[in-house]
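Chains as they are written, first to last, in the numbering used here: chain A, 1 to 291; chain B, 1001 to 1610; chain C, 2001 to 2446.
Ideal Cβ placement from N, Cα and C applies to all residues, glycine included.
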Amino acid sequence: MPSLALLLSQAFNGLALGTLLALVSSGLTIILGTLGVLNFAHGSLLMVGCYVALVVLNATGSWLLALVSVLVFMFVAGVLIERVIMRLFYQRPPEDQILVTFGIGIVVVETMRALFGSQTQHMAVPPWGEGVTRIGFLIYPTYRLELIGIIAFTLLVQYVVLYRTSLGLVVRAGIENAAMTGILGINVPRTFLLVFGFGVVAAGVAGMLYGPILSVTPDSGEVYLVQAFVVIVIGGLGSFPGAVLGGLIAGEIMSITSAFNSAYSEVMLYAVMALVLVVRPQGLFGTEGRV
Amino acid sequence: MKRFPLLPELTLVVVLVLTPYVLTHVGFSYDLMQRVLDWGILGIGFDLLFGWTGLLSFGQAAFYGTGGFVTAWLLLDGGMHSVWLALLIGTIAAGVVGVCLGWFAVRRIGIYFAMITLAFGQMAFFIEFNPLSDFTGGENGLPGVPVPTLGWDGWAFRINTGLPMYWVMAAFFLASFLLGRRIVHSPFGVVLRAIKENTARAAMLGHAVPRYKLAAFTIAAMFAGLSGGLLGVFQSFMPPDAFMLDTSGQLVVQTVVGGVGTLVGPAVGAAVWLWLRDNLQLIPGVGSLWKLILGAIFVVLVIALRRGICGEIRHLWSRRRLARLPDATRETRAPEVHVAPVMTMTAPLIRARPDAPALETSDLSKQYGGLRAVDQVSFAIQEGTIHAVIGPNGAGKSTLFKMLLDEVHPTEGQVRLFGRQITGMGATRTAQLGIGKSNQLNTLFLDLSARENMRVAALGRRRGAFRLDVLRRADSIAEVERQVETALASVGLTARGDLPAHVLAYGEKRRLEIGMALATGPNVLLLDEPLAGMSPEERISTRTLIREIGRGRTLVIVEHDMDAIFDLADRITVLYEGRKLADGSPDDIQRNQAVQDAYLGGMRDVHEPA
Amino acid sequence: MNETGKVSSVRRRTLLLGGLGLAGTCGFLNQALAAEHNAPLGTWPAGISGNTAFLGITTPLTGPYAADGQDHQLGYELAIAEINAGSPLVQKWGLKGKGVLGKTLRYKIADSQTKPNVAVQAQTGFIQQDKAIMITGCVSSATAVALEELAQRDKVLNMVGASGSNDTTGKNCQRYAFRSQPSAYMACRALAPVVAKALGKNLKAAYLVPDYTYGHSVFDSFSRFAKEHGWTIATQQVVPLGTSDFSSALLNIANSDAQVFVNVAFGADAVTSTKQADQFGVLKKMKMIVPNISSFQAKETGPELMAGVYGTFDFWWGLEDRYPLAKDFVQAFVKKNKYHPRWGAHIGYLQTLVWAVSVERAKSFYPPDVIKVLEASKSDPYETSLGKVWYRAEDHQLVRPVPVVVGKAASAMKNPDDFYDVVEVVPGDQVMSPPDAFGCHLGPYT
């Protein structure tokens, strides 16, 4: 039985893990909710953001420039994918959409491998994030602590856009009923475009933030894709608050489990997902009956 | 296809026999051929699940691995000598796991289903890797699986790798294909297709959809288990990657490339994919770029050639066949409905009281949040009558209708069929008990022919909610076929029976919709706006049809066409704002002031000419 | 004179008869020997019927070990190019002329995607289609074990690629497979005394162990040898293979009272875990040891993190000063590929050359003959880039020195690849396990 101090440390770690997951999942859930597309390429797009940031950082050394580049590049990438490919699939059955995003994911990963090679790239922790911070008995990397704050801010921005702007209102209406929204005269295709771009940007930003922590290889994103699935199932498909809360819960599940037996931390996540899907498929915030 | 009944099977035999001699010249080793066949067997099961039942599973690896490791373990540490027996046990083990996991998985559809299967697949991988690693060898897998032998003792003939093993794999693939073909052409297979086309309708016709899905899932799991066991045997090594998500993913990709819903699609897809993978790498300069190229090809295929290689071929074939049908069958004509041949009617299963009304409701109500759509409606429908339900828009007619067969559960109140309580049973059970419904919006199986649509309907009650009759032909039940033909004749679609339903004109689709409800052989038939969208001529002939059907049967009709109502109905119930406003003979209703007020909005006083 | 004449004619007759008899016996023996070599076995003699011999090579070009895989491939390609050219370099190893026994080497490289099944499939194809006379190449023990099995079944020689598990020459050993990399046992047995001397006795160690048999076997081996110097286990954190976030495990480690951090993770996992360990302050609190250092670990984490870290390699190019053939190898590799080879490349290179030399010693490609030469190498060790090495007959493990290295500070680096100093090169015979320690039972020759 792990000590209380250890459990608390892990619980805190779960919070940090969870915020990262929440950010990754928010993009996925918005795309799913609005467009009905389960984006299997999400994990690979996360790494794209990471590599873009890396390139800009190596060239200029400026985190600010890296952030701007990621925002712009990922948005353009998202728009391109939506316009060229996803647009063709809205009338097709959901399985076809899964298949095409699956394929896009493979293409993106392999393109990155062709451009950057398979060796792990090194992304340094930003100067303002170096070192550890001491909170009572807890020693924690400063960067991760700062990330909690940064991501909370990013999620807040997303929240404001979704719930306080007219664009966000349209997006949420689109999530509820795309056909109806269209009938009301709103330019639904353009909304879809913006939503897809938005979701992809979220993934890219998450990738950039993750960069200093994980190993930057083309394959690294896949793990997060599957974990993001779990999160949005727990939180409710298409629900933004669900993604946030689901992310935190998932982070806690992994951390607390590892306090007891770290080998089981990931599989526990799958077990919980299966349980939710069987008992309450709509998750915490999802609407029953709507996929 | 009737002209060459065994054409696909014979073609396959020829292909399998020629393959080792032809394909070796284009870069296929015997080992690669065996792998393609192994993926092919795995794919037949997957195609039954995805192509026929419409369930996209990302977790087939769980069963592939289970079957494979059980077989391998039995042969290595388990001390079993017979490879064939080990394969059998492995297949059964995979089936058992399939039933257990499937019971959870098939409760959900679409994306949810895909994600549950993905989760289960990952869990299975973990179990192989960690807790059970003493049995499974963890990340090393189980090397040294023995090859099978034919015969006994002195006459034992070891099947070595290379060409002899190819024949074994080819035999298994052929057997799997034959079984697969049997399944898809059986009544069971027809129902699976109906489930894929329109799940709700299939349920309403009396088929226990969850059980079919579970059966399909388990069958797919068993094919997977067999192919997993064969993998370990033909390469003498059972690898842990059998359990990986990658394996499930590759299966999906290969099936899509080869063609979903073709049974051989997965094998063809595997051949193309694996051949490309092996040979792309050998092109100088390509090296590790092979996966990028294949990924791009896959994306293009999904976008453009959505049916896959075999699927496109089959599509072209069926288009040509359609074009070659005699003109008469391809033209739309006004329906010629004569006296409908008498349709046999199954006697009601239970008659609680001999004098019970056919259908009766007491205090039936339905609440949606704050809206009370149906409020305390009680009325009775006598056996053998035509009973109409009318009312202005929003009166709650459709909701009431849905509750009559329990398509929607009432919030309060009861429905009784021949005196027996059916509230809360669900549309599938009520269909088995003798209620049929035709919908206001056509709910047909659009990719099936008209005849097949009728057959799905007729199979419902005659065959029972669920039957695993995978070995007989779908059109081999004489009673059912008679029912089908009679139903087609009743709605005047006999000549057009072999055309896919989506080709039919709107009026014909309406008739097919009604005909399907008829084909279930119901005691009580509910018709929801049967005349909706029909031209005046079509209305006349459909009214005649309804009158014919109504002979000796109980009909309940919702309609807006007042002429038709007052002509056909023996009794009319009027709904207004969810409540029963009036209930009586057509004359009573015509004279009823409240009814007129309801329809005209109480403006009569204002507009009465002076 | 008559006696001498009679004697000489007797002698002449004896000589003649004896000569005839000898000739006859020789001829008979020749026939007999020729008959013994006539039975085809595996891909022999079909695979060498022309003037080429085919090598089947698998290596991961995609997937998590792709970086090591590409390095591995380059080692093979260098060896084969040199052999076919009959360069002075390979003459020093003992080869004569161009190619092997005059036959040019052909080869194909297949991407194993770090999956054993894919490797087995590719190699089976090479055996069946290309009649490979030798199969080789892998960067994982799981793949190694699977290929060993294939080699034994199809009677084709397998010079094992990169594999560090004890089982490869333990319970999964095969008559047809030979492994050159030090086993986990060897590496740990070499490393433990060195670190005990450098860091101290009676220390507490925290272990990060990836959850698969290789990870567990390294943990078992190292903790056992460390115990001999009084080291204890403060905590053992087992993490799923391919974990991207080690924070939970590292928290536990950081909160333990260990003085040493033993990181058993490999490949990309090693890089990630090291970076994250640094972020959690573990590296400041404890000294890190990596029993089996991944090829590009220092380059990928940055030299600052690996400075002062002890570990072992199969090979480090810094050995060039010790072994002249290592110097040749490194120079040729740098010239061709513009970076210093890592140990994946070295294994490919060494295994190919040792095989070639063995074939020439056996004067035949016939697998049992080559196997017997390899097994008999104790009496006639090979001159290689690791000095004199030989294969142990009982389990086919190469008896060879184990280099123990320590990471250099960035300021001390003389070229972009100069990450480590070689602390000690422990002689092979000091670190070998008892041959039956891991349950090896070699199979038959035919």
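Start and end of the beta strand (DSSP E) containing Glu2383 (chain C)? Position 383 of the third sequence, counted from the first residue, corresponds to residue 2383 (chain C). Tyr2382 to Thr2384 is the extent of the beta strand (DSSP E) around Glu2383 (chain C).
Separation of Tyr90 (chain A) from Gln1483 (chain B), as counted between CA atoms: By one-based count along the second sequence, residue 1483 (chain B) stands at place 483. By one-based count along the first sequence, residue 90 (chain A) stands at place 90. Each residue's Cα considered, the two are about 40 angstroms apart.
Gln2121 (chain C): contacting residues in chain A (beta-carbon distance under 8 angstroms): Stepping through the third sequence from its first residue, residue 2121 (chain C) is reached at position 121. Going along chain A, no residue has its Cβ under 8 angstroms from Gln2121 (chain C), so there is no contact; the nearest lies around 20 angstroms.
Residues that Gly247 (chain A) contacts on chain B, provided the C-beta gap is smaller than 9 angstroms: Working through the first sequence from its first residue, we reach residue 247 (chain A) at position 247. Those do not exist, as Gly247 (chain A) stays about 16 angstroms from chain B at its closest Cβ, beyond 9 angstroms.
Look up His2229 (chain C) in the DSSP assignment and give the residues it is bridged to. Against the third sequence, residue 2229 (chain C) aligns to sequence position 229. Its beta-bridge partners do not exist; DSSP assigns none.
Can you say whether Asn2166 (chain C) is buried or exposed, counting buried as having 16 or more other CB atoms within 10 angstroms of its CB? Within the third sequence, the letter at position 166 stands for residue 2166 (chain C). With 16 or more Cβ atoms within 10 Å of its Cβ, Asn2166 (chain C) is classed as buried.
Same chain, Cβ closer than 8 angstroms to Ala1220 (chain B), five either side skipped, listed in chain order: Numbered from its first residue, the second sequence carries residue 1220 (chain B) at position 220. Result list for Ala1220 (chain B): Gly1045, Phe1046, Leu1048, Leu1049, Ser1057, Gln1060, Phe1063 and Gly1098, in chain order.
Interface residues of chain A facing Val1252 (chain B) [CB-CB closer than 8 angstroms]: On the second sequence, position 252 is the one that residue 1252 (chain B) refers to. Under the 8 angstroms cutoff, chain A gives Leu99 and Phe102.
Cα-Cα separation between Thr1218 (chain B) and Ile1127 (chain B), rounded to whole angstroms: Taking the first residue of the second sequence as 1, we reach residue 1218 (chain B) at position 218. Taking the first residue of the second sequence as 1, we reach residue 1127 (chain B) at position 127. C-alpha separation (whole angstroms): 20 angstroms.
Whole angstroms is fine: what's the gap from Gly1102 (chain B)'s alpha carbon to Gly207 (chain A)'s? Reading the second sequence from its first residue, position 102 is the one you call residue 1102 (chain B). Reading the first sequence from its first residue, position 207 is the one you call residue 207 (chain A). Gly1102 (chain B) and Gly207 (chain A): Cα-Cα distance of roughly 36 angstroms.
For His2396 (chain C), count neighbouring C-beta atoms within 10 Å of its own C-beta (all shown protein chains included) and say buried if the count is 16 or more, exposed if not. In the third sequence, the residue the question calls residue 2396 (chain C) occupies position 396. Looking at its Cβ environment, which holds 16 or more other Cβ atoms inside 10 Å, His2396 (chain C) is buried.
Would you mind stating whether Asn1439 (chain B) and Leu1512 (chain B) have Cβ atoms separated by less than 8 angstroms? Within the second sequence, the letter at position 439 stands for residue 1439 (chain B). Within the second sequence, the letter at position 512 stands for residue 1512 (chain B). Taking 8 angstroms as the Cβ cut-off, Asn1439 (chain B) and Leu1512 (chain B) do not qualify as a contacting pair.
Would you mind giving the Cβ-Cβ distance between Phe1466 (chain B) and Val1456 (chain B), rounded to the nearest angstrom? I have them listed as a contact below 8 angstroms. The residue you call residue 1466 (chain B) lines up with position 466 of the second sequence. The residue you call residue 1456 (chain B) lines up with position 456 of the second sequence. The Cβ separation is near 14 angstroms, so there is no contact.
CA nearest to the CA of Gln227 (chain A), picked from A:Leu32, A:Met268 and A:Gly103: Residue 227 (chain A) sits at position 227 when you count from the first residue of the first sequence. Cα-wise, what sits closest to Gln227 (chain A) is A:Met268.
Name, going along the chain, the residues of the segment 2246-2257 of chain C whose beta-carbon falls closer than 7 angstroms to a beta-carbon of chain A. Ser2247, Ser2248, Ala2249, Leu2251, Asn2252, Ala2254 and Asn2255
Gly1078 (chain B): buried (16+ other C-beta within 10 angstroms of its C-beta) or exposed? By one-based count along the second sequence, residue 1078 (chain B) stands at place 78. Counting Cβ neighbours within 10 Å, Gly1078 (chain B) comes out exposed, since fewer than 16 surround it.
Which stretch, first to last residue, makes up the alpha helix (DSSP H) that contains Phe1235 (chain B)? The residue given as residue 1235 (chain B) occupies position 235 in the second sequence. According to the sequence as given, residue 1235 (chain B) is Gln; it is not Phe. Where Gln1235 (chain B) is concerned, the enclosing alpha helix (DSSP H) stretches over Val1209 to Gln1235.
With a cut-off of 8 angstroms, does the C-beta of Thr111 (chain A) fall near any C-beta of chain B? In the first sequence, residue 111 (chain A) corresponds to position 111, counting from 1. Yes, Thr111 (chain A) counts as interfacial toward chain B.
Just the C-alpha distance for Gly2267 (chain C) and Thr217 (chain A), rounded to the nearest angstrom, thanks. Within the third sequence, numbered from 1, the residue matching residue 2267 (chain C) stands at position 267. Within the first sequence, numbered from 1, the residue matching residue 217 (chain A) stands at position 217. In a straight line, the C-alpha of Gly2267 (chain C) is about 11 angstroms away from that of Thr217 (chain A).
Flag Asn1198 (chain B) as yes if its beta-carbon sits less than 8 angstroms from any beta-carbon of chain A, otherwise no. Position 198 of the second sequence, counting from 1, holds the residue named residue 1198 (chain B). No, no contact with chain A.
Give the residues of chain A in contact with Pro2341 (chain C), contact being defined as C-beta atoms less than 7 angstroms apart. Walking along the third sequence from the start, residue 2341 (chain C) turns up at place 341. None at all; the shortest Cβ gap to chain A is about 15 angstroms.
Under 9 angstroms by beta carbon: chain C residues contacting His122 (chain A): Mapped onto the first sequence, residue 122 (chain A) falls at position 122. Within 9 angstroms Cβ-Cβ: Val2271, Lys2275, Lys2299, Glu2300, Thr2301 and Gly2302.
Just tell me which of A:Leu17, A:Pro2, A:Ala179 and A:Gly78 has its CA closest to the CA of Gly149 (chain A). The sequence position of residue 149 (chain A) within the first sequence is 149, counting from 1. Residue A:Leu17 is the option with its Cα nearest to Gly149 (chain A).
Which whole-angstrom value is the C-beta distance of Ser1186 (chain B) and Val1470 (chain B), which I expect to be below 8 angstroms? Here residue 1186 (chain B) corresponds to residue number 186 of the second sequence, with the count starting at 1. Here residue 1470 (chain B) corresponds to residue number 470 of the second sequence, with the count starting at 1. Ser1186 (chain B) to Val1470 (chain B), Cβ: 5 angstroms. Contact.
May I have a chain-ordered list of the alpha helix (DSSP H) segments no shorter than 4 residues that lie completely inside the segment 215-248 of chain A? 221-235
For Gly2344 (chain C), go through chain A and note every residue whose CB falls closer than 9 angstroms to its CB, in chain order. Position 344 of the third sequence holds residue 2344 (chain C). In chain order: nothing, as chain A lies at least about 12 angstroms away.
Exposed or buried, what is Ile81 (chain A) when buried is set at 16 or more other beta-carbons lying within 10 Å of its beta-carbon? For the purposes of this step, residue 81 (chain A) is taken as residue 81 along the first sequence, with counting starting at 1. Burial call: buried.
So with CB distances below 8 angstroms, who are the chain B contacts of Ala243 (chain A)? Along the first sequence, read from residue 1 onward, the residue named residue 243 (chain A) stands at position 243. Correct list: empty, because the minimum Cβ distance to chain B is about 15 angstroms.
With a threshold of 16 other CB atoms inside 10 Å of the CB of Tyr2445 (chain C), please say whether the residue is buried or exposed. For this step, residue 2445 (chain C) is matched to residue 445 along the third sequence. Flag for Tyr2445 (chain C) reads exposed.
Answer with yes or no whether the minimum CB distance from Gln2237 (chain C) to chain A is below 8 angstroms. Within the third sequence, residue 2237 (chain C) is the residue found at index 237, counting from 1. So yes, Gln2237 (chain C) belongs to the interface.
Which residues of the segment 1176-1194 of chain B have a Cβ closer than 7 angstroms to any Cβ of chain A? Give them in chain order. none
Thinking Pro2401 (chain C) and Val2422 (chain C) are a contact (beta carbons under 8 angstroms), I'd like their distance in whole angstroms, please. The residue given as residue 2401 (chain C) occupies position 401 in the third sequence. The residue given as residue 2422 (chain C) occupies position 422 in the third sequence. 10 angstroms between Cβ atoms; not a contact.
So does the segment 1521-1531 of chain B actually touch the segment 1553-1560 of chain B, counting three or more Cβ pairs closer than 8 angstroms? yes
I'd like to know if Glu2149 (chain C) contacts chain B, where contact means its C-beta is closer than 8 angstroms to some C-beta of that chain. Taking the first residue of the third sequence as position 1, residue 2149 (chain C) is located at position 149. Closer than 8 angstroms: yes.
Gln2297 (chain C) to Gln2181 (chain C) span [Cα, whole Å]: If you number the third sequence from 1, residue 2297 (chain C) lands on position 297. If you number the third sequence from 1, residue 2181 (chain C) lands on position 181. Roughly 18 angstroms between the two C-alpha positions.
By Cβ distance, which residues of its chain are closer than 6 angstroms to Val125 (chain A), with the 5 residues on each side in sequence left out? Your numbering for residue 125 (chain A) matches position 125 in the first sequence. For Val125 (chain A), where only same-chain residues beyond five positions count, the Cβ hits under 6 angstroms are Tyr143 and Pro212.
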